[in-house]
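Residue numbers (my numbering), protein chains in the order written: chain U, 85 to 314; chain F, 15 to 267; chain V, 977 to 1187; chain D, 1149 to 1208. We treat Cβ as the ideally placed atom computed from N, Cα and C, and that holds for glycine. Given the structure is predicted, the values throughout are model-derived calculations rather than measurements. This report concerns only the one structure given below.
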Amino acid sequence: MMNNPRMGLGSVIVATVRRELLLAFRSPGDVINPLMFFIIAVTLFPLGGGADSEFLSGIASGVIWVTTLLAIMFSMESLFRADYEDGSLEQLLMSPQPLYFLLLAKVLSHWLVACLPILILAPFFAAMLALPAAGILPLILGLLAGTPTLCLLGAIGMALTVGLSRSGLLLAVLILPLYIPVLVFGTGMVSAALGSLPYTGLLALMGAMLVLAICLSPLAIAAALRISVN
Amino acid sequence: MWQWFLQLGSPRLFYSMTDRYLPWLTWFTVILLGTGLAWGLAFTPPDYQMGENYRIAYIHVPMATLAMGCYAMMASFSAGYLIWKIKVADMIAKACAPIGASITAVALATGSLWGIPTWGTWWIWDARLTSTLIMLFLYVGIIALRSAFDSIDSGARACAVLSLVGVVNLPIIKYSVDWWNTLHQGASNLSLSDTAANPPEVWIPAFFVGFGILGFFLIALILRTRNEILIRERRSQWVSDLVANNMKESGDA
Amino acid sequence: MLEAQGLFCERDDRVLFQRLDFSLFGGQVMQIQGSNGSGKTTLLRILCGLNTDYEGRILWDNQPIQEMRTQFRDNVFFLGHAPAINKSLSPLENLRWFCASRGVSDNGDIPAALAAFGLAGYEDVPCYVMSAGQQRRVSLARMKLIPAKMWILDEPFTALDKRGVAELETMLAAFVKEGGALMLTTHHPLQLQCPITVVDLDRSNDEADNS
Amino acid sequence: MPEFQFQSLAEFFAMGGHAKYVWSSYGVFALMIAYNLIQPVLAKRKIIKTQKARLQRNSS
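Next comes the structure, spelled out in structure tokens:
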């Protein structure tokens, strides 16, 4: 029997993030598809609603937020699906390491892969939608605080539906209502800034929601995954 | 008391117990609802501001309250199921979802109908209407999730987790919508609580209707739960006996 | 080491097994037998804690397993139907994460473990180009990498060729000789140089019905 | 003692010009109640029917 040294929790988390990033690197669709969805969907709004810059600046933050939110929701499929199908999920659930942190590591890597590229492009698209310069910073700060919350909530929905053969629209029905507070405060920050009002209070609220999501959602994800592999 | 409560955890005892209390509950409900509605519709003075239209409040307000109460109830029974694995708790939680959804839908519809003369439009993005609409979405999500599972147990557990996630989110959603509404809407909302101090002849019938609707809710809940018990316990002896008795009564055995 | 008392499991209104009692100690082999759909896999998954739809008690080191989860998971290796191998990753990357996810440092043992299953030189080949049997071997190589007192293997011989089967049998026998506890399901006639306890799910159910 | 607040039955039905809204609200409400009571009763009838069929199948 081998008696190899034990690893600390930190290295377990690092190894998990490394594996997920490696996987994203091997199948770049996981990175590119949410991003392309975001770009194309944002482009649809001026085409559908008119290119009048006054109209566009009114809806810019909403469009960026809603498309980001939808992109995150659609990207969730890649979070647990492959692991469920090849049996890795069972092994994960049988790991002696705390599942809470393993799941947080997975969601964190998903955020890095699926959300970070969108965040980087968001200011450019906001500018294309004629969002005034004063709104750009609160938009980015809001996305920075809000998208991890969206990933965590989405992971709950995905964990609940990963065992079902067709889960795409069901996932949307389950988690979009839960996304509303993030959307409301995220766009609220931009409106506040455009009205020359302070938005730090709202940012703090989004931070509080993120902390709450970090504390509670891994528990719900773990419970949901156990149901799904059952 | 505790003993009585534990007995309700057994499907069979829940069934026979409700058999005993259901007629009483029905009579109470009919009397309360009948008196309350007639009183509220015809015997209370019209509101000085909204005229006869405020009579919608007699059903709208209890519906809106119950919509939320039903969600809380569903979540607590879900927790009971997850923690103690009480099967009846899940059956009650399952029964809550469609009833809660229909109550929420009626709360929305009556709210809109009230809004036409009051606000001049049947839908405004008022905080209460909006958050009720979102609650309807939550109910629909739970119903959809349960129907997506083949296995009863997996579906039950998944719905229980989702109900609990929803109950944590509900206050946040409510708060965010309230905040959003004050940002986007002028403060022109009228509601029952704004209409001065309500005299007793207004709130006594409201009290009757409220409890009548609660009674109706319990009846509907019990009926659905009993059906669920019959389905899940169909292989047990007592259900077979029940069905056999039913055959004798209807004389087609 | 592992003890089951009065296990009962029902699935889709069908009783899979009832009043099932057994205990398994180090140095023993237990084979779960039964026809298709008799609940072999379900039983293994129940023991692993992956399935919770059962009644009865499961003990690990004489303690209820619910209180011993971490110790249990630390000491048990489970091999399910699915290989738990990600096809986009190479065997080395797969096994490295497997070790890390269990908090075990692999210490550069992975090539040796792969070599023990005849996969020397395949460390960096992506798994999707490998055959089902080779993927199975990667999956089996995990047994060599983590310290475990008990192996729970669901159909370990699936997709292996004759030589693979013989090699695996040698390895299982060595594990048991060193004091490991082995529980497995298989349709393959086992040739291990050690006594095998058989739990027959078909029979246990019939007996319970007749009593 | 509360009094009937309307001069005539016709006025009662007119609801001071709000008839459309008041009565359709109560109508929706009544429909919801009816649905939630009738649906389980019908469902129960169906369950009993299937179980009857099953019992007869098993006994024959």
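Residues bridged to residue i (per DSSP)
i: P1040 of chain V; result: V:L1035
i: S1107 of chain V; result: S1107 of chain V is not bridged to any residue.
i: V1175 of chain V; result: V:I1008
i: I1128 of chain V; result: V:F1054 and V:M1159
i: A980 of chain V; result: V:F998 and V:I1034
i: F993 of chain V; result: V:C985
i: V1080 of chain V; result: U:R90
Neighbour list for residue i in chain V, Cβ cutoff strictly below 9 Å
i: L163 of chain U; result: Per Cβ cutoff of 9 Å: no residues; L163 of chain U is ~14 Å from chain V at best.
i: R249 of chain F; result: D989
Spatial neighbours of residue i in its chain, beta-carbon cut-off 7 Å, leaving aside the 5 residues before and after
i: L159 of chain F; result: A172, C173 and L176
i: L286 of chain U; result: F269, G272, M273 and A276
i: Y95 of chain F; result: A103, D104, A107, A170 and A174
i: G1002 of chain V; result: M977, K1125, G1155, G1156 and A1157
i: G146 of chain U; result: T271
i: R69 of chain F; result: G54 and L55
i: F1160 of chain D; result: F1154
i: G200 of chain F; result: Per-residue confidence for G200 of chain F stands at a pLDDT of 49, beneath the threshold of 50, marking its modelled position as unreliable; the derived number appears in the next sentence. Same-chain partners within the cutoff: there are none.
Per-residue contacts from residue i into chain C (C-beta, under 8 Å)
i: A1157 of chain V; result: Looking at the structure shown, chain C is missing, and the protein chains on hand are U, F, V and D.
Other residues of its chain near residue i: CB distance less than 6 Å, five sequence neighbours each side excluded
i: A210 of chain F; result: Note that A210 of chain F scores a pLDDT of 49, beneath 50, so its modelled location is shaky; the value from the coordinates is reported in the next line. Result list for A210 of chain F: empty, nothing under 6 Å.
i: L236 of chain U; result: V191, A297 and S301
i: A109 of chain F; result: L235, R238 and T239
i: Q181 of chain U; result: V96
i: L253 of chain U; result: none
i: F230 of chain F; result: T43
i: F984 of chain V; result: Q994, E1031 and G1032
i: S1208 of chain D; result: none
i: Y283 of chain U; result: P222, M273, A276 and A277
Cβ-based burial, residue i [other Cβ within 10 Å; buried from 16]
i: S207 of chain F; result: Unreliable positioning characterises S207 of chain F in this predicted model, as indicated by a pLDDT of 49, which lies under 50. The coordinate reading is nonetheless provided below. By the neighbour-count rule (16 or more Cβ atoms within 10 Å), S207 of chain F is not buried but exposed.
i: S280 of chain U; result: exposed
i: Y1169 of chain D; result: buried
i: M85 of chain U; result: Note that M85 of chain U has pLDDT 41, beneath the 50 cutoff, so the model's placement of it is unreliable and the number below is only indicative. The residue is exposed, with fewer than 16 neighbouring Cβ atoms inside 10 Å.
i: I45 of chain F; result: exposed
i: Q1004 of chain V; result: buried
i: D140 of chain F; result: buried
i: L128 of chain U; result: exposed
i: F1177 of chain D; result: buried
i: S312 of chain U; result: buried
i: V266 of chain U; result: buried
i: M120 of chain U; result: exposed
i: D167 of chain U; result: buried
i: T151 of chain U; result: buried
i: N1012 of chain V; result: exposed
i: H1166 of chain D; result: buried
i: M1163 of chain D; result: buried
i: E242 of chain F; result: buried
Beta-carbon contacts of residue i that lie in its chain and below 8 Å, excluding the five residues immediately before and after
i: S1077 of chain V; result: none
i: A1158 of chain D; result: none
i: T146 of chain F; result: A78, A81, T118, A121, L122 and G125
i: N195 of chain F; result: W139, D140, A141 and T144
i: L1071 of chain V; result: D1082, I1086, A1089, L1090, V1114, A1117, R1118 and L1121
i: I227 of chain F; result: L47, I73, P76, M77 and L80
i: V1101 of chain V; result: S1066 and P1067
i: T100 of chain U; result: L186, A189, K190 and S193
Per-residue contacts from residue i into chain F (C-beta, under 8 Å)
i: Q1153 of chain D; result: A56, F57, T58, P59 and P60
i: V268 of chain U; result: S190, V191, W193 and W194
i: S1173 of chain D; result: I70, I73, H74, A123, T124, L127 and W128
i: L244 of chain U; result: L159, A172, V175 and L176
Contact list for residue i against chain D, beta-carbon separation under 9 Å
i: L237 of chain F; result: N1184, L1185, Q1187, P1188, V1189, A1191 and K1192
Partner residues on chain F for residue i, Cβ-Cβ distance less than 9 Å
i: N314 of chain U; result: S165, D167, S168 and R171
i: S1156 of chain D; result: Going along chain F, no residue has its Cβ under 9 Å from S1156 of chain D, so there is no contact; the nearest lies around 12 Å.
i: I240 of chain U; result: V175, L176 and V179
i: L254 of chain U; result: G155, A158, L159 and A162
Neighbouring residues, chain D, relative to residue i (Cβ below 8 Å)
i: E66 of chain F; result: M1163, G1164, G1165, H1166 and V1170
Proximal residues of chain F, C-beta to C-beta of residue i below 7 Å
i: P265 of chain U; result: I186, I187 and S190
Residue i Cβ short of 6 Å to the ligand FMN heavy atom set
i: G1032 of chain V; result: The ligand FMN is absent from the structure shown, which contains no ligand whatsoever.
Chain U contact residues for residue i, given Cβ-Cβ distances below 9 Å
i: I148 of chain F; result: P261 and I264
Near-chain U residues of the segment 185-196 of chain F - C-beta to any C-beta below 8 Å: I186, I187, Y189, S190, V191, W193 and W194
Contacting positions in the segment 115-141 of chain F - beta carbon closer than 8 Å to chain D: S116, I117, A119, V120, A123, T124, L127, W128, I130 and P131
Interface residues of the segment 1021-1047 of chain V facing chain F [CB-CB below 8 Å]: D1029
Residues from the segment 190-216 of chain U in contact with chain F, defined by Cβ distance under 7 Å: none
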